[in-house]
Amino acid sequence: MAKPGQSGLARVLSASRYSYQGLKAQWKHEAAFRQEVCLFIIALPFALWLGDTALEKAVLIFSVGMVLVVETLNSSVEAVVDRISDEHHELSGRAKDLGSAAVMLTLLLAVVVWGVVLIG
17 MAKPGQSGLA
27 RVLSASRYSY
37 QGLKAQWKHE
47 AAFRQEVCLF
57 IIALPFALWL
67 GDTALEKAVL
77 IFSVGMVLVV
87 ETLNSSVEAV
97 VDRISDEHHE
107 LSGRAKDLGS
117 AAVMLTLLLA
127 VVVWGVVLIG
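Positions 17 to 136 (our numbering) are the ones given, in order, by the sequence shown.
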(Lines of atoms letter the chains of each structure in order from A and count residues from 1; the text may use other names and numbers.)
(Lines give C-alpha, C1' and ligand atoms only; values in the text may rest on other atoms or scores of the structure.)
Protein backbone atom coordinates (compact mmCIF):
# COMPACT_ATOMS: atom_id res chain seq x y z
CA MET A 1 0.00 0.00 0.00
CA ALA A 2 1.35 3.39 -0.95
CA LYS A 3 2.25 5.83 1.79
CA PRO A 4 -0.46 8.36 2.73
CA GLY A 5 -0.23 11.53 0.72
CA GLN A 6 1.71 9.95 -2.13
CA SER A 7 0.47 10.52 -5.63
CA GLY A 8 1.61 10.23 -9.17
CA LEU A 9 4.86 8.48 -9.94
CA ALA A 10 5.87 8.13 -6.25
CA ARG A 11 2.67 6.20 -5.56
CA VAL A 12 3.18 3.96 -8.60
CA LEU A 13 6.77 3.22 -7.53
CA SER A 14 5.70 2.38 -3.97
CA ALA A 15 2.92 0.13 -5.20
CA SER A 16 5.32 -1.59 -7.59
CA ARG A 17 7.80 -2.20 -4.78
CA TYR A 18 5.09 -3.80 -2.62
CA SER A 19 3.93 -5.94 -5.54
CA TYR A 20 7.49 -7.11 -6.11
CA GLN A 21 7.83 -7.97 -2.41
CA GLY A 22 4.62 -9.99 -2.66
CA LEU A 23 5.84 -11.94 -5.68
CA LYS A 24 9.17 -12.55 -3.97
CA ALA A 25 7.42 -13.89 -0.85
CA GLN A 26 5.11 -16.00 -3.02
CA TRP A 27 8.10 -17.55 -4.79
CA LYS A 28 9.96 -18.17 -1.51
CA HIS A 29 7.10 -19.65 0.52
CA GLU A 30 4.74 -21.34 -1.95
CA ALA A 31 5.86 -24.49 -3.78
CA ALA A 32 2.60 -24.61 -5.77
CA PHE A 33 3.30 -21.14 -7.14
CA ARG A 34 6.81 -22.17 -8.23
CA GLN A 35 5.35 -25.22 -9.99
CA GLU A 36 2.72 -23.10 -11.72
CA VAL A 37 5.35 -20.60 -12.84
CA CYS A 38 7.21 -23.52 -14.41
CA LEU A 39 3.95 -24.58 -16.09
CA PHE A 40 3.53 -21.03 -17.40
CA ILE A 41 7.10 -20.93 -18.73
CA ILE A 42 6.58 -24.26 -20.50
CA ALA A 43 3.12 -23.29 -21.83
CA LEU A 44 4.19 -19.87 -23.16
CA PRO A 45 6.17 -21.02 -26.21
CA PHE A 46 3.55 -23.68 -26.96
CA ALA A 47 0.82 -21.04 -26.85
CA LEU A 48 2.75 -18.87 -29.28
CA TRP A 49 3.40 -21.84 -31.57
CA LEU A 50 -0.01 -23.56 -31.40
CA GLY A 51 -2.30 -20.53 -31.46
CA ASP A 52 -3.38 -19.74 -35.01
CA THR A 53 -4.40 -16.15 -34.36
CA ALA A 54 -3.23 -13.46 -31.99
CA LEU A 55 -6.47 -13.91 -30.04
CA GLU A 56 -5.93 -17.67 -29.66
CA LYS A 57 -2.37 -17.08 -28.48
CA ALA A 58 -3.57 -14.48 -25.99
CA VAL A 59 -6.34 -16.73 -24.65
CA LEU A 60 -3.94 -19.64 -24.19
CA ILE A 61 -1.44 -17.45 -22.34
CA PHE A 62 -4.16 -15.74 -20.30
CA SER A 63 -5.71 -19.03 -19.18
CA VAL A 64 -2.43 -20.25 -17.68
CA GLY A 65 -1.58 -16.80 -16.33
CA MET A 66 -4.87 -16.73 -14.43
CA VAL A 67 -3.72 -19.81 -12.52
CA LEU A 68 -0.86 -17.69 -11.14
CA VAL A 69 -3.25 -14.89 -10.20
CA VAL A 70 -5.68 -17.19 -8.40
CA GLU A 71 -2.82 -19.03 -6.66
CA THR A 72 -1.57 -15.68 -5.36
CA LEU A 73 -5.03 -14.79 -4.05
CA ASN A 74 -5.30 -18.24 -2.46
CA SER A 75 -1.95 -17.76 -0.75
CA SER A 76 -3.05 -14.39 0.60
CA VAL A 77 -6.21 -15.95 2.08
CA GLU A 78 -4.12 -18.72 3.66
CA ALA A 79 -1.68 -16.19 5.12
CA VAL A 80 -4.49 -14.17 6.70
CA VAL A 81 -6.15 -17.29 8.12
CA ASP A 82 -2.82 -18.48 9.55
CA ARG A 83 -2.16 -15.01 10.99
CA ILE A 84 -5.48 -14.98 12.82
CA SER A 85 -4.96 -18.32 14.55
CA ASP A 86 -3.15 -21.59 14.14
CA GLU A 87 -5.84 -23.56 15.97
CA HIS A 88 -8.27 -25.56 13.88
CA HIS A 89 -11.56 -23.83 13.13
CA GLU A 90 -14.23 -24.94 10.69
CA LEU A 91 -14.41 -21.54 8.97
CA SER A 92 -10.63 -21.32 8.65
CA GLY A 93 -10.56 -24.74 7.04
CA ARG A 94 -13.41 -23.78 4.75
CA ALA A 95 -11.65 -20.58 3.68
CA LYS A 96 -8.50 -22.50 2.80
CA ASP A 97 -10.48 -25.22 1.01
CA LEU A 98 -12.37 -22.62 -1.02
CA GLY A 99 -9.13 -20.96 -2.06
CA SER A 100 -7.76 -24.34 -3.11
CA ALA A 101 -10.96 -25.05 -5.04
CA ALA A 102 -10.57 -21.73 -6.86
CA VAL A 103 -7.08 -22.74 -7.97
CA MET A 104 -8.32 -26.16 -9.11
CA LEU A 105 -11.20 -24.60 -11.08
CA THR A 106 -8.80 -22.21 -12.76
CA LEU A 107 -6.52 -25.09 -13.72
CA LEU A 108 -9.51 -27.01 -15.12
CA LEU A 109 -10.63 -23.95 -17.09
CA ALA A 110 -7.13 -23.61 -18.53
CA VAL A 111 -7.27 -27.25 -19.64
CA VAL A 112 -10.68 -26.66 -21.25
CA VAL A 113 -9.45 -23.50 -23.01
CA TRP A 114 -6.38 -25.29 -24.38
CA GLY A 115 -8.56 -28.21 -25.46
CA VAL A 116 -11.07 -26.01 -27.25
CA VAL A 117 -8.40 -23.96 -29.01
CA LEU A 118 -6.31 -26.97 -30.03
CA ILE A 119 -9.14 -29.32 -31.00
CA GLY A 120 -11.63 -26.78 -32.34
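All residues carry an ideal CB built from backbone N, CA and C; glycine is no exception.
- If you draw a 10 Å sphere on the C-beta of T122, you find 16 or more other C-beta atoms in it, and that means buried.
- In this structure, S91 places its C-beta atom within 8 Å of the C-beta atom of E46.
- If you keep only unbroken alpha helix (DSSP H) runs of at least 4 residues inside the stretch 98-123, you get nothing at all.
- The three-state reading of DSSP puts Q42 in helix, counting H, G and I together.
- Taking all protein chains shown into account, V83 has 16 or more neighbouring C-beta atoms within 10 Å of its C-beta and is therefore buried.
- Residues of the same chain with a CB within less than 7 Å of the CB of E72, apart from the 5 flanking positions on each side, are V133 in chain order.
- Around the beta carbon of V85, a 10 Å sphere encloses fewer than 16 other beta carbons of the protein chains shown; the residue is thus reported as exposed.
- 8 Å or more divides the Cβ of V75 from the Cβ of V128.
- With a cutoff of 8 Å on beta-carbon distance, A31 and V80 are scored as not near each other.
- Uninterrupted alpha helix (DSSP H) stretches at least 4 residues long and entirely within the stretch 23-83 occur at 24-45 and 47-66, given in chain order.
- Taking the C-beta atoms as reference points, V119 is found no nearer than 8 Å to E94.
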